[in-house]
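Chains as they are written, first to last, in our numbering: chain A, 1 to 411; chain B, 1001 to 1411. Here the structure is laid out as structure tokens; the discussion comes afterwards.
There are 2 protein chains.
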Amino acid sequence: MRTLIDRIGQLLVVPAGPVRGPDMDRVPVLRDAALVIEGERIAWFGERADTPGGEYEHRIDAQGGAVLPGFVDCHTHLVFAGAREGEFVQRIRGKSYIEILEAGGGIHVTVEAVRAASEEQLLAGALARLRRMLALGTTTAEVKSGYGLRPEDELKMLRVARRLRGMQAVELVGTYLAAHTIPKEYAGRADEYLDAMLADSILETLYSGDLAEFADVFCERGAFDLAQAERFLTECGRHGLRAKLHADQITNTGATKLGVRLGAVSVDHLEEADESAIAALAGSETIPVLLPGCTYFLNGKPPAARRMIEAGLPVALATDCNPGSSMIESMPLIISIACTRLRMTPMEAIVAATANAAAAIGRANRIGAIAVGHQADLLILDRPSADFIAYETGRNPVRMVIKRGRAAWTA
Amino acid sequence: MRTLIDRIGQLLVVPAGPVRGPDMDRVPVLRDAALVIEGERIAWFGERADTPGGEYEHRIDAQGGAVLPGFVDCHTHLVFAGAREGEFVQRIRGKSYIEILEAGGGIHVTVEAVRAASEEQLLAGALARLRRMLALGTTTAEVKSGYGLRPEDELKMLRVARRLRGMQAVELVGTYLAAHTIPKEYAGRADEYLDAMLADSILETLYSGDLAEFADVFCERGAFDLAQAERFLTECGRHGLRAKLHADQITNTGATKLGVRLGAVSVDHLEEADESAIAALAGSETIPVLLPGCTYFLNGKPPAARRMIEAGLPVALATDCNPGSSMIESMPLIISIACTRLRMTPMEAIVAATANAAAAIGRANRIGAIAVGHQADLLILDRPSADFIAYETGRNPVRMVIKRGRAAWTA
Chain A
1 MRTLIDRIGQ
11 LLVVPAGPVR
21 GPDMDRVPVL
31 RDAALVIEGE
41 RIAWFGERAD
51 TPGGEYEHRI
61 DAQGGAVLPG
71 FVDCHTHLVF
81 AGAREGEFVQ
91 RIRGKSYIEI
101 LEAGGGIHVT
111 VEAVRAASEE
121 QLLAGALARL
131 RRMLALGTTT
141 AEVKSGYGLR
151 PEDELKMLRV
161 ARRLRGMQAV
171 ELVGTYLAAH
181 TIPKEYAGRA
191 DEYLDAMLAD
201 SILETLYSGD
211 LAEFADVFCE
221 RGAFDLAQAE
231 RFLTECGRHG
241 LRAKLHADQI
251 TNTGATKLGV
261 RLGAVSVDHL
271 EEADESAIAA
281 LAGSETIPVL
291 LPGCTYFLNG
301 KPPAARRMIE
311 AGLPVALATD
321 CNPGSSMIES
331 MPLIISIACT
341 RLRMTPMEAI
351 VAATANAAAA
361 IGRANRIGAI
371 AVGHQADLLI
381 LDRPSADFIA
391 YETGRNPVRM
401 VIKRGRAAWT
411 A
Chain B
1001 MRTLIDRIGQ
1011 LLVVPAGPVR
1021 GPDMDRVPVL
1031 RDAALVIEGE
1041 RIAWFGERAD
1051 TPGGEYEHRI
1061 DAQGGAVLPG
1071 FVDCHTHLVF
1081 AGAREGEFVQ
1091 RIRGKSYIEI
1101 LEAGGGIHVT
1111 VEAVRAASEE
1121 QLLAGALARL
1131 RRMLALGTTT
1141 AEVKSGYGLR
1151 PEDELKMLRV
1161 ARRLRGMQAV
1171 ELVGTYLAAH
1181 TIPKEYAGRA
1191 DEYLDAMLAD
1201 SILETLYSGD
1211 LAEFADVFCE
1221 RGAFDLAQAE
1231 RFLTECGRHG
1241 LRAKLHADQI
1251 TNTGATKLGV
1261 RLGAVSVDHL
1271 EEADESAIAA
1281 LAGSETIPVL
1291 LPGCTYFLNG
1301 KPPAARRMIE
1311 AGLPVALATD
1321 CNPGSSMIES
1331 MPLIISIACT
1341 RLRMTPMEAI
1351 VAATANAAAA
1361 IGRANRIGAI
1371 AVGHQADLLI
1381 LDRPSADFIA
1391 YETGRNPVRM
1401 VIKRGRAAWT
1411 A
């Protein structure tokens, strides 16, 4: 099947990630462009005048709108049950995240809800979220476990994500986040908890069952320390799961440097990452994933995005969609917050949300770019410039979403 | 015509505005409720078990969703032409709003675009915006002139707003903002400019032609000073236009106190309003309208909402929808920003966006409340609590919008 996307007002030729530092703002832009899809892949792009001849089974008129790669939401907790709107209100009334957690609220509320939920219930909730996310331009999303905290419930979450792959258009990537927090029944016994969650039988099921590609740990005071994080990720790594870390979010624990030392694919959050953490990342292949939704939602300190870009890092962005600290599904809104709060330019934010986010889930050679041979995951906007994604805050600028060469959503 | 809204999970019984200070957080909530509409008005509401019998021509099943008054967006510049996404990017690169203005950018770009636009072009742009705003729950909006800055172009903007009243469901209220900025051709001659814009013929046309109910002035260094603001508002007042002010936004000019002294209906912005301004408001009928979109968009200082609520003020909220400093159409997003950045509770923000916003446009006795005899402008949410408006950031929680007793939009 051969499809022509014609009359593209602005084609953002985002290169394959990782795109580092100042290069994030130097993406070539073609005006009055066209793009050819063959099967699932980009076969050609260039100026309209040079459009290859021949037969096209489908022609899509971009009507002068901007075209860019589909968004890659590389850090989400989108399989969950329940809601925590009450906690959101308590926080506004002055309670801290830690106070709410210590009062038995916070993540434990979601853990109980997820344990109580059937696979079908989790599936229905996540499916509705994915439908909305697709309409907002997300064509690939990472999905973490981490609200089960028991072998059967962690596997349940990841089975839901696997089932969702065949049910809707958003490509999903599983991450085993058993080390999200210490469940109540293991209070004070983090190592024993990890023993239970690192059983060979679980790790083999994850990898061979195509349930997870990554392992992730919340390395933070009150959760898992550096030694526990290293042990968890190393054990998972022996079973083929590549490392990710929730790092330096609330306190500077040194988790970013641990991630670099372990060759982690990404370190995520980094609100409290210091210059030494940035220096460690600069000499590595590890992707720093920033989550501006948390900055917005918790009214917290933004991560030092500008400093990281100056240091040459390939910054990535994601929603961190979760019921506690970032109840945001929209990549356009995340891009907007990255611009207003983290002072990234719209182009930097778009590269962070596409090419670099793809690198953060080990897919930079296939998605997140406008490149011949890359998967045709594309967004056609109803505006002539991609700057409108950030500028028209809260409005969905997406007119059409193309996934693997096919129209997956239209306005 | 008699309509029953049944199976309301949570009915927010917002009283008629102004609702002052701590009362904003003390709105009665009825669970398992119903509401009866007769014609355009609310005829009854209460517990489901007490629903009046008799014939209903229409029955709407709220499916357990929350019901609240439609949003009143009491400060917008939604009739405009062009876009200023480039300026948004320049600002991220470090240029200040004032630097952009002085380089010939900023508001002057919009003024040129509006002067060049036909009435039909302005109408088409505003109509598209209003369609999106209605879907997000806005049932009434104020619309300012202020991008024409010539008699014929100021009148053109307000004629567009008047024509839009008959073309779509959102109720529109016109405000004459000729004193928005000094047009280039009058540089250094602000008083002469005001002479031209205060001609009797214009002011009579505004009032008798039903083009404007309010007059507004941007009282700020580089725009109009206190004496000019007073003169403009007093002259307009003689022709029936009630006073509003853009006050204490960038610098503390004393405009809030001027507004109180003049008996203004509202003073808007207030990012730099100090304790003496708050004290002046506390003894007045003037409504403080806060515009969190500017805080978000310009990454600026939030107005002291908590302090104002403690001082007993009836705080209102609006989008300030405009292409320069708040390109936001969504009242749900404004409510969310008011919660995360201004630390208002969702209930306070909802009261500010309904009852108090209605008071800010002189309509508190007819809209913005759940009260028998009030106009039936209602939102039915797809969530059981109105807290979700703020909590699920960037998602539209509105399932149905009812305007004057009729379904105006459904998801």
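Just so you know, even glycine gets a beta-carbon here, dropped at the ideal spot from N, CA and C.
Judged by DSSP secondary structure, V1160 of chain B falls within the alpha helix (DSSP H) whose first and last residues are 1151 to 1165. Beta-bridge annotation (DSSP): L194 of chain A is not paired with any residue.
Not one beta carbon of chain A lies nearer than 8 Å to the beta carbon of G1105 of chain B.
For K144 of chain A, the beta-bridge partners assigned by DSSP are A:T175. Ranked by how close their Cα comes to the Cα of M344 of chain A, the residues B:R1031, B:R1091, B:G1106, B:Y1207 have B:R1091 in first place.
Contact annotation for P1346 of chain B against chain A: E85, F88, V89, I92 [CB-CB distance below 9 Å, chain order]. Among the residues of chain A, those whose CB is under 7 Å from the CB of C1339 of chain B are I92, following chain order. Residues of the region 319 to 331 of chain A with a C-beta less than 7 Å from any C-beta of chain B: M327, I328, E329, S330, listed in chain order.
Collapsing the DSSP output to three states places A1304 of chain B in coil.
Residues of chain B with a Cβ closer than 9 Å to the Cβ of T354 of chain A do not exist, since the nearest Cβ in that chain sits about 18 Å away. T76 of chain A places its beta carbon 8 Å or farther from that of C294 of chain A. With 16 or more other Cβ atoms from the protein chains shown falling within 10 Å of its own Cβ, T1354 of chain B counts as buried. In this structure, the beta-carbon distance from A255 of chain A to P288 of chain A does not fall below 8 Å.
Not a single C-beta of chain B is nearer than 8 Å to the C-beta of R131 of chain A. Annotation: D1023 of chain B is outside any alpha helix (DSSP H) and is labelled neither H nor E by DSSP.
If only uninterrupted alpha helix (DSSP H) runs of at least 4 residues are considered, those enclosed by the region 45 to 99 of chain A are 85 to 92. Residue burial is scored here from C-beta neighbours: K184 of chain A has fewer than 16 other C-beta atoms within 10 angstroms and is therefore classed as exposed. Taking a Cβ-Cβ threshold of 8 Å, none of the residues of chain A is close to L1379 of chain B; the smallest such distance is about 17 Å.
Contact between L123 of chain A and R163 of chain A holds, since their C-beta atoms are separated by about 6 Å, short of 8 Å. Our two residues, T1003 of chain B and A1016 of chain B, have alpha carbons roughly 22 Å apart in a direct line. Residue range 226 to 238 is occupied by the alpha helix (DSSP H) that includes T234 of chain A. If you draw a straight line from the Cα of P1303 of chain B to the Cα of H1269 of chain B, it is about 7 Å long. In the displayed model, I5 of chain A falls within a strand according to three-state DSSP. As the crow flies, the alpha-carbon of G263 of chain A is around 8 Å from that of S284 of chain A. Look at R406 of chain A here: in three-state DSSP terms it is strand. Closest in alpha carbon position to S266 of chain A, among A:S276, A:G362, A:R231, A:A408, is A:G362. In the pairwise beta carbon analysis, the region 1334 to 1348 of chain B is classified as touching the region 1386 to 1393 of chain B: at least three pairs are separated by under 8 Å. For Q1121 of chain B, the secondary structure class from DSSP, reduced to helix, strand or coil, is helix. Here S96 of chain A is exposed, its C-beta having fewer than 16 other C-beta atoms within 10 Å.
For F388 of chain A, the nearest CB of chain B lies under 8 Å from its own CB, placing it at the interface with that chain. In this structure G46 of chain A touches A34 of chain A by the C-beta definition: roughly 7 Å separates them, less than 8 Å. For R1404 of chain B and D1377 of chain B, the gap between their C-alpha atoms comes out near 6 Å.
The Cβ atoms of I1350 of chain B and I1334 of chain B do not sit closer than 8 Å to each other.
A check of alpha carbon separations from A103 of chain A across A:D153, A:Q375, A:E87 identifies A:E87 as the nearest. Checking the DSSP bridge columns, you'll see S326 of chain A partnered with A:N322. Under a criterion of Cβ atoms nearer than 7 Å, the residues of chain B adjacent to S385 of chain A are, in order, E1085.
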